[in-house]
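>
2 protein chains.
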Amino acid sequence: MIFIESITNSVPWVNSLALTLNSPLLATTNEAENAPIVLTGVLLTLVVIYLASKIGGELSRLVDLPPVLGELVAGVLVGASALHLVVFPESGAVAGDSVIMTILQFINNLTPDAVTAIFQSQSEAVSVLAELGVIILLFEIGLESDLKELQKVGYQATIVACVGVAVPFTAGTVGLISIFHAPVIPAIFAGAALTATSIGITSKVLSELGQLKSREGQIIVGAAVIDDILGIIVLAVVASLAKTGEVDVLNVIYLIVSATVFLIGSILLGKYFNQSFVAIANKLQTRGNLIIPAFIFAFFMAFLGNAIHLEAILGAFAAGLVLDETDKRKELDEQVKPIADILVPIFFVTVGAKVDLSVLNPVVPGNREGLIIATFLIVVAIIGKIVTGWAVFGQPGINRLAVGVGMIPRGEVGLVFAGIGSASGALDKPLQAAIIIMVILTTFLAPPLLRFAFKQSEEIKELEKADLLG
Amino acid sequence: MIFIESITNSVPWVNSLALTLNSPLLATTNEAENAPIVLTGVLLTLVVIYLASKIGGELSRLVDLPPVLGELVAGVLVGASALHLVVFPESGAVAGDSVIMTILQFINNLTPDAVTAIFQSQSEAVSVLAELGVIILLFEIGLESDLKELQKVGYQATIVACVGVAVPFTAGTVGLISIFHAPVIPAIFAGAALTATSIGITSKVLSELGQLKSREGQIIVGAAVIDDILGIIVLAVVASLAKTGEVDVLNVIYLIVSATVFLIGSILLGKYFNQSFVAIANKLQTRGNLIIPAFIFAFFMAFLGNAIHLEAILGAFAAGLVLDETDKRKELDEQVKPIADILVPIFFVTVGAKVDLSVLNPVVPGNREGLIIATFLIVVAIIGKIVTGWAVFGQPGINRLAVGVGMIPRGEVGLVFAGIGSASGALDKPLQAAIIIMVILTTFLAPPLLRFAFKQSEEIKELEKADLLG
Chain A
1 MIFIESITNS VPWVNSLALT LNSPLLATTN EAENAPIVLT GVLLTLVVIY LASKIGGELS
61 RLVDLPPVLG ELVAGVLVGA SALHLVVFPE SGAVAGDSVI MTILQFINNL TPDAVTAIFQ
121 SQSEAVSVLA ELGVIILLFE IGLESDLKEL QKVGYQATIV ACVGVAVPFT AGTVGLISIF
181 HAPVIPAIFA GAALTATSIG ITSKVLSELG QLKSREGQII VGAAVIDDIL GIIVLAVVAS
241 LAKTGEVDVL NVIYLIVSAT VFLIGSILLG KYFNQSFVAI ANKLQTRGNL IIPAFIFAFF
301 MAFLGNAIHL EAILGAFAAG LVLDETDKRK ELDEQVKPIA DILVPIFFVT VGAKVDLSVL
361 NPVVPGNREG LIIATFLIVV AIIGKIVTGW AVFGQPGINR LAVGVGMIPR GEVGLVFAGI
421 GSASGALDKP LQAAIIIMVI LTTFLAPPLL RFAFKQSEEI KELEKADLLG
Chain B
1001 MIFIESITNS VPWVNSLALT LNSPLLATTN EAENAPIVLT GVLLTLVVIY LASKIGGELS
1061 RLVDLPPVLG ELVAGVLVGA SALHLVVFPE SGAVAGDSVI MTILQFINNL TPDAVTAIFQ
1121 SQSEAVSVLA ELGVIILLFE IGLESDLKEL QKVGYQATIV ACVGVAVPFT AGTVGLISIF
1181 HAPVIPAIFA GAALTATSIG ITSKVLSELG QLKSREGQII VGAAVIDDIL GIIVLAVVAS
1241 LAKTGEVDVL NVIYLIVSAT VFLIGSILLG KYFNQSFVAI ANKLQTRGNL IIPAFIFAFF
1301 MAFLGNAIHL EAILGAFAAG LVLDETDKRK ELDEQVKPIA DILVPIFFVT VGAKVDLSVL
1361 NPVVPGNREG LIIATFLIVV AIIGKIVTGW AVFGQPGINR LAVGVGMIPR GEVGLVFAGI
1421 GSASGALDKP LQAAIIIMVI LTTFLAPPLL RFAFKQSEEI KELEKADLLG
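Going down the list, the protein sequences come from chains A and B. Under my numbering, the first sequence has 85 at position 85, and the numbering climbs by one with no breaks. Under my numbering, the second sequence has 1356 at position 356, and the numbering climbs by one with no breaks.
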């Protein structure tokens, strides 16, 4: 405080400066003063999230499960259910619940008011990073979904996908309303979460089994891609319903039409845009000449998706599908990868962290209903996808069980539903926890079930062979 | 509102749901409801920032100037000085000043309260992204600074760097205090901003002139690297002074010692850590096996830097220096590049956007003092670096002017000072604008001046040759 009193002449910066320097109490509630502490909190949270994602992912891989499952479970561990390192005000946590905030308070000698403000800002920043993560995840999935390959698999995959969306959605929604007397919107949201199929997990297991190019494998992967497209349309419609809170038939029709038109329209218009995109990227000479135009397109489409009251991820997915058709695809894929590597785990871990699994603790009697609902969702999730195998027609001798089982894992797409459902406020804690448990179990069960289904068919084939030879 | 009234039995989700669905007015002030709109705002802001950075960068390149200059000027154009697309509450803007907020308000029919809350959250999220951008920028600069190469250039570079830090810092700070009666902390901050030298810009121009491996080029690049290290220490010390608001000699000594110990300590400890880092990265098998451990390290170091009341970027820079010494350096460089490509422009553009150049509008008489200060800073910035050429000793025939001129451009490092100065509240608007103008002009002048300086020396050499031959 050497100079504060001595300067009273009209040097323009004294006023604004005095505000920050005069009193330490004033300074801690000041926005500009808090900014570096918010950053400290974000950095520490990211370190925890990255550690959790890597440890969880690697352990998961060691026991031959998909890494995303480990990231999710690690998120549950560091989050509201256990360690309270990564917690969010939306799920009812206050600054005092957060271990990271306690550390910051200790380091910086903060007032309770300052801690609350910093906790709020830090949580919002991490949430935005997680949302950018899911946008980039869907952009990447779009980039990897080859529309031309899809046309070859044709009708079979489309029918399997449609059955795999219709059956679990109807059974889940109707069951929740009629058996459990759930309100319409949460029931529709939970039903929608049952429709997803994870391309990533299924295709990884199929390739391990050497079945990726088999008839069954082709149908499963094709159906999973179509399922993604249908699922994102369903999600956009359902999330929009949750925002208005009304289920109006006209509105539902409008939403389905607008989501479909948005997606198909951007793919069709994209064919023309493609050429200009490549031309622009080729002309640019400064750093980021490919990735920045791609992100401008992806973020603008995501903005449009949000602006027309659908979902940002729908736009990002459409942008991915469009740019997938360009010559720059491979180069773009490579550059998006590290960006996805650092942003996508933030999404998976925070989805896990936001879930409070204690609401499903079976020891507490009040949780019984939530547990029953979780069990119901899991049963519908499995049966609703297994039946899709019997929707295949004109393919004698196909392994119907393998096709159905291949559609079971919800994986990252199911998590997108859970994440957006909780962000939009449509899902309460028990239902959100039930969906997460459903995603974990279906993803967990799919690899062994798929191995079993294909093994059985091989044994049958071998028996048939033996019969023929004998 | 079909079902709200009809359900009164104790289904657990009804209460929380009613909150979001009951009243549209309540819904717009609700955090969970605002979240997608905050995201919409962030996405639109990022689209504007990326467009500005690419257009500015490319135009700059077309007229043979460093792209970072174009990004900065584009930031000024989209920011508080002109278009009001990207504005921030810290610089005194309210939601109504932001064109993006006006668009969001139009799309979503928001109440004034909701707009204010969304503006606040959106600006904080973009600021955190910009801060992550500068952290990654310094991490990348650290990765590119080869400590072994540096040892070869040795004493010459060190002396040039020290003179290039001491002269502008002393002349700037003392001048601001004695001539302009500026308070001590802002004067020190502005003096510190004069010390930076941009490695990137200088080495690019040198390589274009074919002088990167010349004696002059080696000294300039070496001095620029050391200058970075000194500059970051100075910045950490000055920013910490700005936080407490007191200039206490003991505290200054403590800060200089702790910043130096932190940097040198982490480099020394890093030699042991290096091996473990490579071993860990080699063992990991899931996606992001290299980049996630690197980011855990960089963000943890940045957190430490902040936690010990220095700067996050000091930690990130140290992390980059450490990981630069590993075998993974090249692979890591490649993966960090696209991440830097999408995050660093957010920093440069927002630094420009936060500046209000109207405070230096020469038509307004009240701005005269600010303009005089800006002119003073520019003169000190240029002369203070040119004199460094005459600090070179034992190198007969060296082009002293070229060495001095090579140290002039402040570039990205000067912007880091301006950005952190404005975030910490140490710089008021006129001083911040004056620093930005100084950075722009020095960066703008360096390439032509450097060409001139080398051309002159070649002409002299040729004359000498002609004399010898003749």
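Glycine included, C-beta positions come from ideal geometry on N, C-alpha and C.
Expressed to the nearest angstrom, what Euclidean distance is found between the alpha-carbon atoms of Phe-1452/B and Leu-1441/B?
Sequence index remark: in the second sequence, residue 1452/B carries index 452 (1-based). Sequence index remark: in the second sequence, residue 1441/B carries index 441 (1-based). Taking the straight line joining both Cα atoms gives about 17 Å.
> Answer yes or no: does any C-beta atom of chain A fall closer than 8 Å to that of Phe-1317/B?
Against the second sequence, residue 1317/B aligns to sequence position 317. Taking Cβ atoms only, chain A never reaches closer than 8 Å to Phe-1317/B, which makes this a no.
> Please classify Gly-1419/B as buried or exposed, where buried requires at least 16 other C-beta atoms within 10 Å of its C-beta.
The residue you call residue 1419/B lines up with position 419 of the second sequence. Classification of Gly-1419/B: buried, given that the 10 Å Cβ count is 16 or more.
> Whose CA, out of Pro-1396/B, Ser-1081/B and Ile-1107/B, lies closest to the CA of Val-1355/B?
One-based indexing of the second sequence puts residue 1355/B at position 355. Closest by alpha carbon: Ser-1081/B.
> Is Asn-1022/B helix, strand or coil by DSSP?
Within the second sequence, residue 1022/B is the residue found at index 22, counting from 1. The predicted position of Asn-1022/B is uncertain, since its pLDDT is 34 and thus under 50; a value taken from the coordinates is nonetheless stated next. Reduced to three states, the DSSP call for Asn-1022/B is coil.
> State whether the stretch 1048-1060 of chain B contacts the stretch 1133-1140 of chain B, with contact taken as three or more CB pairs (one from each stretch) at a distance under 8 Å.
no
> Measure the beta-carbon distance from Val-167/A to Val-247/A and round it to whole angstroms, keeping in mind my assumption that it falls under 8 Å.
On the first sequence, residue 167/A is found 167 positions in, with the first residue counted as 1. On the first sequence, residue 247/A is found 247 positions in, with the first residue counted as 1. With a Cβ gap of about 21 Å, Val-167/A and Val-247/A do not count as contacting.
> I'd like to know if the stretch 1376-1386 of chain B and the stretch 1094-1105 of chain B are in contact, where contact means that at least 3 CB-CB pairs between them fall below 8 Å.
In this structure the stretch 1376-1386 of chain B does not lie against the stretch 1094-1105 of chain B, because fewer than three pairs of beta carbons, one per stretch, are closer than 8 Å.
> Look up Phe-1393/B in the DSSP assignment and say whether it is helix, strand or coil.
Stepping through the second sequence from its first residue, residue 1393/B is reached at position 393. In the structure shown, Phe-1393/B sits in coil (DSSP, three-state: anything other than H, G, I, E or B).
> Distance check for Gly-245/A and Ala-423/A, CA to CA, integer angstroms please.
In the first sequence, residue 423/A corresponds to position 423, counting from 1. In the first sequence, residue 245/A corresponds to position 245, counting from 1. Between Ala-423/A and Gly-245/A, the C-alpha separation is close to 14 Å.
> Confirm, please, whether the CB-CB distance from Ala-353/A to Gly-75/A is below 8 Å.
For the purposes of this step, residue 75/A is taken as residue 75 along the first sequence, with counting starting at 1. For the purposes of this step, residue 353/A is taken as residue 353 along the first sequence, with counting starting at 1. In this structure, Gly-75/A lies near Ala-353/A, with their beta-carbon atoms less than 8 Å apart.
> Would Asn-306/A pass as an interface residue toward chain B - the criterion being a Cβ-Cβ separation below 8 Å?
The residue you call residue 306/A lines up with position 306 of the first sequence. Yes, because at least one Cβ of chain B sits closer than 8 Å to the Cβ of Asn-306/A.
> Taking a Cβ distance cut-off of 9 Å, strictly less, list which residues of the stretch 46-67 of chain A are near chain B, in chain order.
Leu-46, Val-47, Tyr-50, Leu-51, Ser-53, Lys-54, Gly-57, Glu-58, Ser-60, Arg-61, Leu-62 and Pro-67
> Buried or exposed: where does Gln-456/A fall if 16 or more other Cβ atoms within 10 Å of its Cβ makes it buried?
Along the first sequence, one-based indexing puts residue 456/A at 456. Burial is judged here by how many other beta carbons sit within 10 angstroms of a residue's own beta carbon; Gln-456/A has fewer than 16 and is exposed.
> Would you kindly work out how many angstroms separate the C-alpha atoms of Ala-1391/B and Glu-1208/B, rounded to a whole number?
Taking the second sequence and counting its residues from 1, the one referred to as residue 1391/B is at position 391. Taking the second sequence and counting its residues from 1, the one referred to as residue 1208/B is at position 208. Between Ala-1391/B and Glu-1208/B, the C-alpha separation is close to 25 Å.
> What in chain B is Cβ-close to Leu-44/A, meaning under 7 Å?
Mapped onto the first sequence, residue 44/A falls at position 44. Those are Phe-1303, listed as they occur along chain B.
> Taking the CB atoms as reference points, tell me whether Val-336/A and Leu-138/A lie closer together than 8 Å.
Here residue 336/A refers to the residue found at position 336 when the first sequence is read from its first residue. Here residue 138/A refers to the residue found at position 138 when the first sequence is read from its first residue. It is not a contact, given that the beta carbons lie outside the stated cut-off.
> Please report how far the alpha carbon of Ala-93/A lies from the alpha carbon of Val-86/A, in whole angstroms.
In the first sequence, residue 93/A corresponds to position 93, counting from 1. In the first sequence, residue 86/A corresponds to position 86, counting from 1. So the two alpha carbons sit approximately 10 Å from each other.
> Measure the CB-CB distance between Val-128/A and Leu-1039/B and report whether it falls below 8 Å.
Against the first sequence, residue 128/A aligns to sequence position 128. Against the second sequence, residue 1039/B aligns to sequence position 39. It is a contact, given that the beta carbons lie within the stated cut-off.
> Excluding sequence positions up to five away, which residues of its chain have a Cβ less than 8 Å from the Cβ of Leu-1025/B?
For the purposes of this step, residue 1025/B is taken as the residue at position 25 of the second sequence. Note on Leu-1025/B: pLDDT 34, under 50, position unreliable in the model; no value is reported.
> Please confirm if Ile-1339/B has its CB atom under 8 Å from at least one CB of chain A.
Counting from one through the second sequence, the residue named residue 1339/B turns up at place 339. Interface residue, yes.
> Identify the contact partners of Gln-105/A in chain B, using a Cβ-Cβ distance below 8 Å as the criterion.
By 1-based counting over the first sequence, the position of residue 105/A is 105. Those do not exist, as Gln-105/A stays about 12 Å from chain B at its closest Cβ, beyond 8 Å.
> Hey, Phe-189/A and Val-238/A: beta-carbon distance below 8 Å or not?
Translated into the one-based positions of the first sequence, residue 189/A becomes position 189. Translated into the one-based positions of the first sequence, residue 238/A becomes position 238. The answer is yes: Cβ separation under 8 Å.
> Tell me which residues share the same chain as Gly-1200/B and place their Cβ nearer than 7 Å to its Cβ, disregarding the 5 neighbours each side in the sequence.
Taking the second sequence and counting its residues from 1, the one referred to as residue 1200/B is at position 200. The residues are Gly-1411 and Glu-1412.
> Between Ala-1475/B and Lys-1328/B, is the Cβ-Cβ spacing less than 8 Å?
Only positions 1001 to 1470 of chain B appear in this structure, which leaves residue 1475/B out of reach.
> Is the beta carbon of Ile-118/A closer than 8 Å to that of Ile-49/A?
For the purposes of this step, residue 49/A is taken as residue 49 along the first sequence, with counting starting at 1. For the purposes of this step, residue 118/A is taken as residue 118 along the first sequence, with counting starting at 1. Cβ distance not < 8 Å, so Ile-49/A and Ile-118/A don't count as in contact.
> By Cβ distance, which residues of its chain are closer than 8 Å to Pro-539/A, with the 5 residues on each side in sequence left out?
Lying before the first or after the last residue shown, residue 539/A is absent from chain A, which here runs from 1 to 470.
> With a threshold of 8 Å between beta carbons, is Leu-1287/B in contact with chain A?
Reading the second sequence from its first residue, position 287 is the one you call residue 1287/B. At residue 1287/B the sequence reads Arg, which differs from the Leu that was named. For Arg-1287/B, the nearest CB of chain A lies under 8 Å from its own CB, placing it at the interface with that chain.
> Where Ile-296/A and Phe-348/A are concerned, what is the direct C-alpha to C-alpha distance, given to the nearest angstrom?
Within the first sequence, residue 296/A is the residue found at index 296, counting from 1. Within the first sequence, residue 348/A is the residue found at index 348, counting from 1. Cα to Cα, the separation comes out at about 24 Å.
> If we ignore side chains and look at the alpha-carbon of each, how far apart do Ile-1107/B and Ala-307/A end up?
The count along the second sequence starts at 1 and reaches residue 1107/B at position 107. The count along the first sequence starts at 1 and reaches residue 307/A at position 307. C-alpha separation (whole angstroms): 7 Å.
> Report the rounded CA-to-CA distance for Leu-1401/B versus Asp-1146/B, giving the unit in angstroms.
Along the second sequence, one-based indexing puts residue 1401/B at 401. Along the second sequence, one-based indexing puts residue 1146/B at 146. The alpha-carbon atoms of Leu-1401/B and Asp-1146/B are separated by roughly 26 Å.
> Give, in chain order, every residue of the stretch 367-386 of chain A whose Cβ lies closer than 9 Å to some Cβ of chain B.
Glu-369 and Gly-370
> Against Thr-1040/B, what residues of chain A qualify as contacts under a CB-to-CB distance less than 7 Å, listed in chain order?
As a first step, residue 1040/B is located in the second sequence; it is residue number 40 there, counting from the start. Near Thr-1040/B (Cβ distances below 7 Å), the residues of chain A are Phe-303, Asn-306 and Ala-307.
> Counting only beta-carbon atoms, is Ser-207/A nearer than 8 Å to chain B?
In the first sequence, counting from the first residue as 1, residue 207/A sits at position 207. Answer no: the Cβ-Cβ gap between Ser-207/A and chain B never drops below 8 Å.
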